[in-house]
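Only one structure is covered here, and it is reproduced in the block below.
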Amino acid sequence: MITLSSKKTIQLAALMAVLVLAGAGEAHAGGAGSNFSAIAENIVESIASLPGLLSGIAYMFGILLGVLGILKIKDHVENPGQVALKDGAIRLAAGGGLFALPIVYDAMLNTVGADGTATSAATLNAITMGVN
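Using mature numbering (1 follows the signal peptide of the UniProt record, and there is no 0), the letters of the sequence shown correspond one by one to residues -29 to -1, 1 to 103.
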């Protein structure tokens, strides 16, 4: 016998299948653009938005771990014998690290550059002194 929750699950699965099939596009398996450089170019274009996605995930998990760390510290304050303080501190530190990851990545990208070459060193052309 099918229960109400399993009927809802079957309906949800059917809806998801229809949405996936409705959004399916053409498959380009062959043709003139199937050489190695075209494949490599498609890969580069596909992963261009990956840093933004990873930044969003890092922010979300950083906030989540920060909140969980605060809750663990609250549990420690309420019952110090049962919940160790280190559990909350570890979660807070990991959340802070994840929350800072996009900022560190941006600083690294600005220092090294987007093309992988290091920034050029400052040069001194001339020194003039205004002493009489």
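Where a beta carbon is used, it is the ideal one built from N, C-alpha and C, also for glycine. Values in this document were obtained by computation on a predicted structure and should not be read as measured data.
CA-to-CA distance, residue j to residue i, given in whole angstroms
i, j, result
"I18", "L24", "10 Å"
"N81", "L(-11)", "41 Å"
"V54", "H47", "5 Å"
"G52", "K45", "13 Å"
"S26", "I34", "12 Å"
"D77", "M31", "17 Å"
"N6", "E12", "10 Å"
"L(-18)", "L21", "30 Å"
"E49", "M79", "42 Å"
"I98", "V83", "29 Å"
Reference residue i; option with closest CA among the options
i, options, result
"A64", "I41, E49, A78, V48", "I41"
Boundaries of the alpha helix (DSSP H) in which residue i is found, first to last residue
i, result
"N6", "Neither: N6 is in no alpha helix (DSSP H) and is coded neither H nor E."
"M100", "M100 -> no alpha helix (DSSP H), and no H or E assigned at all."
"S26", "21 to 49"
"V75", "56 to 83"
Where residue i falls, given that 16 or more other Cβ within 10 Å makes a residue buried
i, result
"L56", "exposed"
"L69", "buried"
"L36", "buried"
"M(-23)", "First, the residue type needs correcting, since residue -23 is Lys and not Met in the sequence shown. Exposed, since its Cβ has fewer than 16 Cβ neighbours within 10 Å."
"K43", "buried"
"A29", "buried"
"G66", "buried"
"G59", "buried"
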